[in-house]
Amino acid sequence: MLLIEDLTVEVGNKRVIEGLSLHIPEKETHLLFGPNGSGKTSLIMAIIGAPSYKVIKGRIIFKDVDVTDLPTNERVKLGMGVAFQMPPVIRGVRLKDVLRIHTESLSKGGVMDQMNKMGLSAQFLDRDINYGFSGGEIKRSELLQLMFQKPEFTMFDEPDSGVDIENMEVVGKALGELLEGRSGLVITHMGYILKYIKATKAHVLIDRSIRCSSDPQAIFKQIMECGYGRCVECLS
Amino acid sequence: MSELKKRAEGARDKNAVLGPDIDLEEYTKGPSDYAPVPSISDVPESYHDGFLNIGVDVSEKDRSGSFVQVDSSVLCSTTAQEGLEVLGITDAINKYDWLEDYLWRLVSVDTDKYTSRAELELSGGYFIRAKKGVKSVYPLQACMYIGEDHTFQNVHNIIIAEEGSELHIITGCATGKHIQNSIHIGVSEFYVKKNAEISFTMIHNWAPEVNVRPRSAMLIEGGGVFINNYICMSPVKSLQTYPTAYCEGKNSTAVFNSIVYATDDSNIDVGSKVVLSGEGSKTEIISRMIAKDSSSVTARGHISGTVSGVKGHLECNGLLLSQNARIHAIPELNAAAEDVELSHEAAVGKVAEKEIQYLMARGLSSDEATALIVRGFLNVEIKGLPDHLRREIQRTIKTSQDSFM
Ligand SMILES: Nc1ncnc2c1ncn2[C@@H]1O[C@H](COP(=O)(O)OP(=O)(O)OP(=O)(O)O)[C@@H](O)[C@H]1O
Ligand SMILES: [Mg+2]
Numbered sequence: 322m323l324l325i326e327d328l329t330v331e332v333g334n335k336r337v338i339e340g341l342s343l344h345i346p347e348k349e350t351h352l353l354f355g356p357n358g359s360g361k362t363s364l365i366m367a368i369i370g371a372p373s374y375k376v377i378k379g380r381i382i383f384k385d386v387d388v389t390d391l392p393t394n395e396r397v398k399l400g401m402g403v404a405f406q407m408p409p410v411i412r413g414v415r416l417k418d419v420l421r422i423h424t425e426s427l428s429k430g431g432v433m434d435q436m437n438k439m440g441l442s443a444q445f446l447d448r449d450i451n452y453g454f455s456g457g458e459i460k461r462s463e464l465l466q467l468m469f470q471k472p473e474f475t476m477f478d479e480p481d482s483g484v485d486i487e488n489m490e491v492v493g494k495a496l497g498e499l500l501e502g503r504s505g506l507v508i509t510h511m512g513y514i515l516k517y518i519k520a521t522k523a524h525v526l527i528d529r530s531i532r533c534s535s536d537p538q539a540i541f542k543q544i545m546e547c548g549y550g551r552c553v554e555c556l557s
Numbered sequence: 177m178s179e180l181k182k183r184a185e186g187a188r189d190k191n192a193v194l195g196p197d198i199d200l201e202e203y204t205k206g207p208s209d210y211a212p213v214p215s216i217s218d219v220p221e222s223y224h225d226g227f228l229n230i231g232v233d234v235s236e237k238d239r240s241g242s243f244v245q246v247d248s249s250v251l252c253s254t255t256a257q258e259g260l261e262v263l264g265i266t267d268a269i270n271k272y273d274w275l276e277d278y279l280w281r282l283v284s285v286d287t288d289k290y291t292s293r294a295e296l297e298l299s300g301g302y303f304i305r306a307k308k309g310v311k312s313v314y315p316l317q318a319c320m321y322i323g324e325d326h327t328f329q330n331v332h333n334i335i336i337a338e339e340g341s342e343l344h345i346i347t348g349c350a351t352g353k354h355i356q357n358s359i360h361i362g363v364s365e366f367y368v369k370k371n372a373e374i375s376f377t378m379i380h381n382w383a384p385e386v387n388v389r390p391r392s393a394m395l396i397e398g399g400g401v402f403i404n405n406y407i408c409m410s411p412v413k414s415l416q417t418y419p420t421a422y423c424e425g426k427n428s429t430a431v432f433n434s435i436v437y438a439t440d441d442s443n444i445d446v447g448s449k450v451v452l453s454g455e456g457s458k459t460e461i462i463s464r465m466i467a468k469d470s471s472s473v474t475a476r477g478h479i480s481g482t483v484s485g486v487k488g489h490l491e492c493n494g495l496l497l498s499q500n501a502r503i504h505a506i507p508e509l510n511a512a513a514e515d516v517e518l519s520h521e522a523a524v525g526k527v528a529e530k531e532i533q534y535l536m537a538r539g540l541s542s543d544e545a546t547a548l549i550v551r552g553f554l555n556v557e558i559k560g561l562p563d564h565l566r567r568e569i570q571r572t573i574k575t576s577q578d579s580f581m
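In order, the protein sequence lines correspond to chains X and A.
With the first sequence counted from 1, adding 321 to any position gets you this note's numbering.
With the second sequence counted from 1, adding 176 to any position gets you this note's numbering.
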């Protein structure tokens with residue numbers, strides 16, 4: 322599904338990804354761990370094709386197409402999707418305007434059903450997107466949008482951060498649904514979410530590159546017990 | 177010669193403080209001998225095109241009355257509701273002696289050469305009044321149309337909402353497609369009496385070679401509310417206006433919403449000024465300016481608070497859609513008493529890359545994303561208007577935008 326070869330990325334003259342390779346086969350979900358500032362979000366931005374994240378070296382192959390130079394919307398057309406960690410506020414553009422990109426009619430029952438499922442009231446439809454949304458609401462609004470987009474390959478950037486225990490189940494189930502029979506890459510710092518996802522592999526990103534790839538449970542257990550410090554030790 | 181005429185003569189060649197200077201000798205008075213018609217539906221078809229996109233509805237559905245002036249001729253002035261008056265200004269002056277007290281009371285006749293010409297070479301205008309306690313169910317519509325090239329249209333409008341009345345007006349201004357070079361000068365004086373309300377929605381749809389110089393002022397008495405909505409979405413050669421609202425009455429309110437979409441090489445200088453001198457008076461000035469191509473927009477705003485306890489907020493947002501366009505925001509606050517609460521926010525810039533990126537990640541192309549963001553930017557929450565009028569404004573913005581993007 323996704324193949325990254327020897328990728329180096331710069332943003333604002335700062336190298337954020339260096340010599341990174343990654344392979345996610347079809348219908349597999351991988352996890353991505355890594356300390357703050359290690360480059361996880363940057364990797365997702367490069368995969369989706371944000372213009373400010375410049376690919377200096379390497380290639381990104383998606384569904385056998387070299388997408389390294391394709392604009393973001395072309396990659397989306399091929400089947401990529403992202404739940405962003407920190408999506409921007411766009412004044413005057415309402416959540417419903419964005420939902421309309423993927424759904425013809427908002428009045429059809431489906432939209433309200435999905436909103437209920439995500440624990441978002443109908444009022445959110447008329448709110449400027451992400452404006453004044455709480456941390457947890459942002460996560461659920463991102464997932465709601467993906468529910469309509471239905472990407473074949475979805476990247477989730479910390480979908481569980483700042484989410485309370487009750488909403489964790491909502492978020493977890495949504496992830497499970499979005500990834501069922503499809504592929505994905507999930508960035509997380511926490512374990513709660515893991516039980517909703519059938520991840521086949523986990524990677525640890527430290528200092529701009531993937532330093533370790535292994536069984537998700539084993540890696541998570543290791544990080545929980547010893548932090549990333551141990552990973553660094555193991556690498557040296 | 178009357179005192180007024182003398183002062184006007186004195187200002188015949190007085191340059192305006194703002195806006196590029198215009199040589200008025202280039203223009204002659206537009207024809208004043210077109211035949212009047214009984215109602216707007218009888219206005220010759222050839223003008224109907226120009227009525228589109230300026231909120232003027234020939235069918236008069238959801239309208240309380242109509243006024244149509246083409247060049248210097250008043251074609252019709254009608255009302256459908258008891259207690260609402262719509263007249264040509266000349267007829268009104270002949271009918272009411274007292275009207276003299278309202279002419280040139282808020283705008284000085286010797287402000288500049290434009291006000292001077294409106295007195296010396298008047299080509300019409302309207303008188304609209306809601307009698308005491310009368311509330312207009314639907315808005316009245318007024319249309320100013322320039323159909324002849326190289327002409328001036330100098331109008332003087334008087335709008336009065338008597339005590340406890342409510343008046344909603346949509347004024348549309350347009351020109352024939354063939355117009356190369358003409359000028360519109362419009363003096364408008366608004367009187368909002370005690371506990372009355374006026375909402376005035378002005379939609380401009382001029383031609384690329386037309387100069388426009390409105391000169392407006394409003395007096396708002398105790399408990400009165402004045403809401404001004406200004407929409408200009410089409411090119412113009414130069415347009416300069418800076419209306420002033422005087423909130424003299426206790427708890428009086430003035431609201432200004434301006435939406436400008438400047439294209440080509442339009443030179444647009446618009447602002448709103450509010451003087452809060454009535455106890456508890458308040459104001460809100462909101463503007464959304466978009467500059468495209470090589471247009472230039474100056475967005476002014478000025479709030480003065482001269483007694484304690486008054487409140488004002490000024491919000492000015494500008495969006496640049498091209499390298500060659502420019503937006504100059506000049507917000508001014510003047511607190512001349514204790515306990516005055518005045519604030520302003522101004523933000524001018526290009527469409528944020530992050531926002532485009534986000535929408536592209538939802539599948540939109542870069543152009544589609546920009547269009548959606550621009551649409552959102554213009555989606556100003558206009559408060560205090562009847563629903564159908566608000567929808568009408570939204571529709572106007574949408575249709576004119578669709579034709580430009
Ligand atoms: N636009 C930018 N300009 C400069 N530096 C940037 C920019 N974007 C990211 N960085 C820097 O690149 C590094 C990697 O950032 P990134 O957001 O990818 O980290 P992360 O692994 O997602 O961290 P976190 O767990 O905190 O979300 C950080 O040091 C960050 O400050
Ligand atoms: Mg991150």
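Ideal Cβ positions, reconstructed from N, Cα and C, are used throughout, including at glycine.
Predicted, not measured: the structure shown is a model, and the values here were computed from it.
Residue i versus residue j - alpha carbon distance
i      : j      : result
N394/X : V213/A : 56 angstroms
T362/X : V397/X : 17 angstroms
L352/X : I508/X : 6 angstroms
V401/A : I216/A : 29 angstroms
E473/X : F445/X : 26 angstroms
Q570/A : M545/X : 54 angstroms
Q435/X : M366/X : 27 angstroms
L343/X : V556/A : 46 angstroms
L490/A : V403/X : 37 angstroms
E185/A : E201/A : 15 angstroms
A371/X : V388/X : 12 angstroms
K190/A : E342/A : 37 angstroms
M409/A : L228/A : 13 angstroms
C349/A : P384/A : 14 angstroms
L282/A : I396/A : 11 angstroms
G226/A : G413/X : 30 angstroms
Check whether residue i and residue j have beta carbons under 8 angstroms apart
i      : j      : result
R538/A : I506/A : no
I422/X : L316/A : no
L275/A : I361/A : no
G488/A : I479/A : yes
P480/X : M536/A : no
S359/X : I527/X : yes
F243/A : S253/A : yes
G340/A : N381/A : no
K205/A : S358/A : no
T475/X : R503/X : yes
M320/A : Q245/A : yes
Whole-number beta carbon distance between residue j and residue i, since they are thought to touch under 8 angstroms
i      : j      : result
R529/X : V337/X : 6 angstroms
H332/A : G301/A : 4 angstroms
S248/A : S208/A : 4 angstroms
L420/X : Q466/X : 6 angstroms
E365/A : A337/A : Actually they do not touch by this definition, with Cβ atoms about 12 angstroms apart.
Y418/A : K449/A : 6 angstroms
V524/A : I503/A : 5 angstroms
Neighbourhood of residue i by C-beta distance below 8 angstroms, restricted to the same chain and skipping five residues each side
i      : result
T329/X : R336, I338, E339, G340, L341, V376, I377, K378 and G379
T572/X : Given a span of 322 to 557 for chain X in the structure shown, any question on residue 572/X remains unanswerable.
N451/X : P408, P409, V410, I411, I459 and S462
S470/A : D440, D441, S498, N500 and A501
L554/A : I435, Y437, R464, I466, I573 and Q577
H326/A : E202, Y203, T204, Q356, N357 and S358
Close Cβ partners of residue i (< 6 angstroms) along its chain, the five nearest in sequence each way excluded
i      : result
F303/A : L263, I265, A268 and I334
G493/X : I514 and Y517
Y314/A : D238, R239 and S240
I549/A : V527 and E531
L518/A : I479, G481, G488, L509 and A511
Heavy atom of ligand 4 within 7 angstroms of residue i beta-carbon
i      : result
T362/X : What this structure holds is ligand 1 and ligand 2, not ligand 4.
Spatial neighbours of residue i in its chain, beta-carbon cut-off 7 angstroms, leaving aside the 5 residues before and after
i      : result
S535/X : A523
S414/A : G195, P196, N387 and N443
E501/X : none
A306/A : G259, L260, S312, A337, E338, S341, E342 and L343
Taking one C-beta from the stretch 512-522 of chain X and one from the stretch 483-499 of chain X each time, how about it: are there three or more such pairs within less than 8 angstroms?
-> Yes: the two stretches touch, three or more of their Cβ pairs being nearer than 8 angstroms.
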